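*Asks:*
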Amino acid sequence: MAETAEKEPVTDEETTDESEEDVSEEEPKLKYERLSNGVGEIIQKDIASCMTIHEKFLALGTHYGKVYLLDVQGNITQKFDISPVKINQISLDESGEHMGVCSEDGKVQVFGLYTGEEFHETFDCPIKIVAVHPQFVRSHCKQFVTGGNKLLLFEKNWMNRWKHSVLHEGEGPIRSVKWRGNLIAWANNMVSSAGLILYFSGVITLI
1 MAETAEKEPV
11 TDEETTDESE
21 EDVSEEEPKL
31 KYERLSNGVG
41 EIIQKDIASC
51 MTIHEKFLAL
61 GTHYGKVYLL
71 DVQGNITQKF
81 DISPVKINQI
91 SLDESGEHMG
101 VCSEDGKVQV
111 FGLYTGEEFH
121 ETFDCPIKIV
131 AVHPQFVRSH
141 CKQFVTGGNK
151 LLLFEKNWMN
161 RWKHSVLHEG
171 EGPIRSVKWR
181 GNLIAWANNM
191 VSSAGLILYF
201 SGVITLI
């Protein structure tokens, strides 16, 4: 008589693996609504180059150097003629009352949307990044970072004058920067080069 082969017990892991194979993953479906109204008018004449979103509005930069403020329906509420060339980045403080803008021709502007211009400078190279202090609305936080081949910190002193200091240089153009709280993070063209700075009470610490 032939011996009956004993069946090996199925483990929980094998059961789980089989059930996972049987269940096909469904891609998440995102709901979206196309911006209309003023946005349609803008892109008929120009090309969008960058956008920043605030809880109160949208800020859209274009290839022809314009910055538009839009409500959530896409209606234009304000327009700024910054430069004749492409806007590279727009930065807003947390209050949504101050904006920093940089462009391909080296222009950097930081100003209050309701109080007028704070800073205006033209550098000798394209400026790809700008980030205003999250609490720029406060008198002791009048600071922003920008740069081309250097990462520069600008701050207003007690004499109401702007001074700057170099946070990083020597590794090519700065391509991206984010400011959150007391931390400033940046990156450039070198894959292995990025940095994080702790900035607190005038003291700069490279982390």
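Take the sequence shown: its position 33, counted from the start at 1, is 33 in UniProt numbering, and no numbers get skipped. Where is the CB? At the ideal position from N, CA and C, for every residue including glycine. None of these values were measured; they are calculated from a predicted model.
(1) Give the secondary structure of GLY100 by DSSP, where H, G and I count as helix, E and B as strand, and everything else as coil.
(2) Out of LEU153, SER91, ASN37, LYS86, state which residue places its alpha-carbon closest to the alpha-carbon of GLU104.
(3) Just mark SER192 as buried or exposed, buried being the case when its beta carbon has 16 or more other beta carbons within 10 Å.
(4) Let me check understanding here. Comparing Cα to Cα, which of HIS168, HIS140, ARG138, ASN157 lies closest to LEU151?
(5) Do the CB positions of VAL132 and GLY100 come within less than 8 Å of each other?
(6) So what's GLN78 in DSSP terms, helix, strand or just coil?
(7) Could you tell me which uninterrupted beta strand (DSSP E) segments, each at least 3 residues in length, are contained entirely in the segment 23–94, listed from first to last along the chain?
(8) Give the secondary structure of HIS140 by DSSP, where H, G and I count as helix, E and B as strand, and everything else as coil.
(9) So what's HIS168 in DSSP terms, helix, strand or just coil?
(10) Let me know if GLN143 comes out buried or exposed under the rule of 16 or more other beta-carbons within 10 Å of its beta-carbon.
(11) Please list, in chain order, all residues of the same chain as VAL39 whose beta carbon is under 7 Å from its beta carbon, the five residues on each side excluded.
(12) Taking the straight line between their C-alpha atoms, what separation do you get for ILE129 and LYS56?
(13) Nearest-angstrom Cα distance between ALA185 and LYS29?
(14) Using C-beta distances below 6 Å, list every residue in its chain close to MET51, excluding the 5 sequence neighbours before and after it, in chain order.
(15) Can you give me the C-alpha to C-alpha distance between ASN157 and THR62, rounded to a whole angstrom?
(16) Name the DSSP beta bridge partners of TRP179, please?
(17) The beta strand (DSSP E) that contains LEU152, what's its start and end?
(18) Measuring CB to CB, does HIS98 end up less than 8 Å from GLY112?
(19) Classify VAL108: buried if its beta carbon has 16 or more other beta carbons within 10 angstroms, exposed otherwise.
*Replies:* Answer, in terms of the structure:
(1) strand
(2) LYS86
(3) Because the pLDDT at SER192 is just 46, under 50, the model does not fix this residue reliably, and the value given afterwards should be weighed accordingly. Flag for SER192 reads exposed.
(4) HIS168
(5) yes
(6) strand
(7) 48–53, 58–62, 66–70, 76–81, 87–92
(8) helix
(9) strand
(10) buried
(11) LEU70, GLY74
(12) 23 Å
(13) 32 Å
(14) LEU60
(15) 33 Å
(16) ILE184
(17) 150–156
(18) yes
(19) buried
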